[in-house]
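Residue numbers (the working numbering), protein chains in the order written: chain Z, 1 to 436; chain W, 437 to 587.
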């Protein structure tokens, strides 16, 4: 398969093209016989952008119960009272104005529970201004509250409150089942976390916004395997920017299809290959949920990936077999990892083979060591240990002893160490031929 | 304007559909579906880069169809249906057809259209690093598939 170009060119010309004219006629027929030019006109003012939701998107639903309760409360009690106070007439009902749907904060007349309900209603209906009025949290600033409101509105987030007040006034224990377009799409039912919620002076001081981290992680793995991970690194743990909902909604259908045919061995292969290819975002996401750490050049996993990249490492995963001890949400696989790099090529050595176990968490799409002992790359690291050791012996024989120590080659796989190996590859190869 | 635009884009879109689509799906059907979905949302001429957007849509549709068809074929195999309807191709083409649509698409853009990785990545909505990694993975898989087929 040396000539990909010829094969692909042949493939691109397969079949009998119907031609643009016939295709346009078909489209016009399907679009109710309307000529395309009219279709375009009819849709003027609805310019499509990348952020537009797909037609399958679940319509945004609003949680109106508490807001309605507040509105009724204001309509029935507060407005008549004000009317009476200012007009002195005895029958204000007939003249009562329609109650506005967005009322000014009336914290002093709301019970603590109503404050919680109003705050939740504001966030999950996307009313960011009202949400900022009602939440004053130590772990989220106003901007984060606004983000949360925008995200929840876009993803169709809905939260049910089940609160009971504890012995201390204003302190509640609330169970908060939560669902959104993603959980609905996979029929996931959330029984809800229980969190401590604190209300002081009419504002919410402590509140835990529920997240379905495993779903966000699995969506990330899907996007990584599709080569579309960029930007998603901020969408795994909340608070989520609004654009996360755009990515998630646009990918909803294809993610569902993908998760139904998910093969654990394919996940292992992807995790290992993306690691050695230096695709940091993908590799870190599927290995330790730390894609955002790819910005850190001094980070050990990032340095290791750069080391492998400089050495031109190539891996393939083969012969994965199911090991015992798996469960519904995790598979234990034993796989062969074939590894080669510039050193093995320089001395004509075949790829080294490491047989090792991986645990695949299919619910999150993340690969770990067995028994959740950490990321897969922290133990039984696939590489050619014999060649790595031989370079140590070569270096310590005096040729590049100081540089070897300075680059930290003895204990770490650093980019400096890889550079040192590459700079001395020919000398080392000659040394290896006579000393191996 | 939409007609002219579609006419001018058609050859490129059809080639992409032929490369990325499953062999039991007509490339023209894939192009039609992509255009219809896009037109339902708004005029194609309003898009910043209509060719990239439509190519991306075609590859996404092809990926979805591949998964659906894969399940259908598995089900048919279990029922011992005759698989004669599945067209056969020379082994070297089969090796490419076994690749996922996105991998085929990136290889096509890089190898045939001679597109730089950065541009191909943009066309398919991925990073340059991911595009390069995906193309390498595709080449490697195609080589292995061919070796297996060649015994």
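Cβ atoms here follow ideal geometry from the backbone N, Cα and C, with glycine treated the same way.
None of the values given here were measured: they were computed from a predicted structure.
Cross-strand partners of residue i (DSSP beta bridge)
{"i": "residue 162 of chain Z", "result": "Z:175"}
{"i": "residue 135 of chain Z", "result": "Z:204"}
{"i": "residue 356 of chain Z", "result": "Z:335"}
{"i": "residue 327 of chain Z", "result": "Z:330"}
{"i": "residue 375 of chain Z", "result": "Z:368"}
{"i": "residue 195 of chain Z", "result": "Z:174"}
{"i": "residue 553 of chain W", "result": "DSSP lists no partner for residue 553 of chain W."}
{"i": "residue 361 of chain Z", "result": "Z:330, Z:366"}
Limits of the unbroken beta strand (DSSP E) element including residue i
{"i": "residue 140 of chain Z", "result": "No beta strand (DSSP E) contains residue 140 of chain Z, which DSSP labels as neither H nor E."}
{"i": "residue 337 of chain Z", "result": "330-340"}
{"i": "residue 314 of chain Z", "result": "314-322"}
{"i": "residue 443 of chain W", "result": "Looking at the DSSP string, residue 443 of chain W is not in any beta strand (DSSP E); the run it does join, the alpha helix (DSSP H), is 438-456."}
beta-carbon residue i near the ligand COA non-hydrogen atom, thresh 8 Å
{"i": "residue 501 of chain W", "result": "Because no ligand of any kind appears in the structure shown, any question about the ligand COA cannot be addressed here."}
Beta-carbon spacing of residue i, residue j below 9 Å
{"i": "residue 336 of chain Z", "j": "residue 353 of chain Z", "result": "yes"}
{"i": "residue 501 of chain W", "j": "residue 458 of chain W", "result": "yes"}
{"i": "residue 404 of chain Z", "j": "residue 420 of chain Z", "result": "yes"}
{"i": "residue 176 of chain Z", "j": "residue 160 of chain Z", "result": "yes"}
{"i": "residue 191 of chain Z", "j": "residue 228 of chain Z", "result": "no"}
{"i": "residue 407 of chain Z", "j": "residue 431 of chain Z", "result": "no"}
{"i": "residue 215 of chain Z", "j": "residue 187 of chain Z", "result": "no"}
{"i": "residue 490 of chain W", "j": "residue 470 of chain W", "result": "yes"}
{"i": "residue 257 of chain Z", "j": "residue 444 of chain W", "result": "no"}
{"i": "residue 9 of chain Z", "j": "residue 548 of chain W", "result": "yes"}
{"i": "residue 245 of chain Z", "j": "residue 154 of chain Z", "result": "yes"}
{"i": "residue 264 of chain Z", "j": "residue 369 of chain Z", "result": "no"}
{"i": "residue 304 of chain Z", "j": "residue 413 of chain Z", "result": "yes"}
{"i": "residue 437 of chain W", "j": "residue 481 of chain W", "result": "yes"}
{"i": "residue 397 of chain Z", "j": "residue 424 of chain Z", "result": "no"}
{"i": "residue 532 of chain W", "j": "residue 540 of chain W", "result": "yes"}
{"i": "residue 375 of chain Z", "j": "residue 287 of chain Z", "result": "yes"}
{"i": "residue 538 of chain W", "j": "residue 226 of chain Z", "result": "yes"}
Start and end residues, alpha helix (DSSP H) containing residue i
{"i": "residue 482 of chain W", "result": "Note, residue 482 of chain W: premise wrong, no alpha helix (DSSP H); not H, not E."}
{"i": "residue 14 of chain Z", "result": "From DSSP, residue 14 of chain Z is part of no alpha helix (DSSP H); its letter is neither H nor E."}
{"i": "residue 254 of chain Z", "result": "252-260"}
{"i": "residue 221 of chain Z", "result": "213-225"}
{"i": "residue 404 of chain Z", "result": "401-406"}
{"i": "residue 421 of chain Z", "result": "415-423"}
{"i": "residue 182 of chain Z", "result": "181-185"}
{"i": "residue 302 of chain Z", "result": "300-310"}
{"i": "residue 535 of chain W", "result": "No alpha helix (DSSP H) contains residue 535 of chain W, which DSSP labels as neither H nor E."}
{"i": "residue 280 of chain Z", "result": "280-288"}
{"i": "residue 116 of chain Z", "result": "112-125"}
{"i": "residue 388 of chain Z", "result": "385-394"}
{"i": "residue 26 of chain Z", "result": "20-30"}
{"i": "residue 268 of chain Z", "result": "264-276"}
Same chain, Cβ closer than 6 Å to residue i, five either side skipped, listed in chain order
{"i": "residue 361 of chain Z", "result": "330"}
{"i": "residue 306 of chain Z", "result": "415"}
{"i": "residue 356 of chain Z", "result": "380"}
{"i": "residue 7 of chain Z", "result": "none"}
{"i": "residue 519 of chain W", "result": "Any reading at residue 519 of chain W is ruled out, since the residue's pLDDT is 45, under 50, leaving its predicted position unreliable."}
{"i": "residue 343 of chain Z", "result": "387"}
Same chain only: Cβ atoms within 8 Å of residue i, ignoring 5 sequence neighbours per side
{"i": "residue 64 of chain Z", "result": "Note that residue 64 of chain Z scores a pLDDT of 34, beneath 50, so its modelled location is shaky; the value from the coordinates is reported in the next line. Once the five neighbours on either side are set aside, the close Cβ partners of residue 64 of chain Z are 121, 125."}
{"i": "residue 94 of chain Z", "result": "Bear in mind that the predicted position of residue 94 of chain Z carries a pLDDT of just 34, short of 50, making it unreliable; the figure below should be weighed with that in mind. No residues qualify anywhere along the chain."}
{"i": "residue 450 of chain W", "result": "463, 464, 467"}
{"i": "residue 410 of chain Z", "result": "392, 404"}
{"i": "residue 115 of chain Z", "result": "107, 134, 199, 202, 203, 204"}
{"i": "residue 136 of chain Z", "result": "203, 204, 205"}
Own chain partners of residue i with C-beta closer than 7 Å, once the 5 adjacent residues on each side are dropped
{"i": "residue 208 of chain Z", "result": "193, 195"}
{"i": "residue 166 of chain Z", "result": "172, 173"}
{"i": "residue 571 of chain W", "result": "542, 543, 546"}
{"i": "residue 534 of chain W", "result": "581"}
{"i": "residue 232 of chain Z", "result": "220, 223, 247"}
{"i": "residue 568 of chain W", "result": "553"}
{"i": "residue 338 of chain Z", "result": "315, 316, 318, 351, 353"}
{"i": "residue 38 of chain Z", "result": "Its pLDDT being 35, under 50, residue 38 of chain Z is placed unreliably in this model, and the coordinates cannot settle the point."}
{"i": "residue 310 of chain Z", "result": "415, 418, 419, 422"}
{"i": "residue 313 of chain Z", "result": "276, 339, 341"}
{"i": "residue 289 of chain Z", "result": "217, 236, 366"}
{"i": "residue 200 of chain Z", "result": "170"}
{"i": "residue 462 of chain W", "result": "none"}
Original post:
In chain order, what residues of the segment 553-566 of chain W put their CB closer than 9 Å to some CB of chain Z?
Top reply: 557, 560, 561, 562, 563, 565, 566
**OP:** Can you give me, in chain order, the residues of the segment 451-465 of chain W that have a beta carbon less than 7 Å from any beta carbon in chain Z?
**Re:** For the segment 451-465 of chain W, which is checked against every Cβ of chain Z, the residues closer than 7 Å are 451, 454, 455, 462, 463, 464.
Original post:
Between the segment 5-18 of chain Z and chain W, which residues of the former have CB atoms less than 8 Å from a CB of the latter, in chain order?
Top reply: 5, 7, 8, 9, 10, 11, 12, 13, 14, 15, 17, 18
Subject >> Against chain W: residues of the segment 183-196 of chain Z by CB proximity under 8 Å >> reply: none
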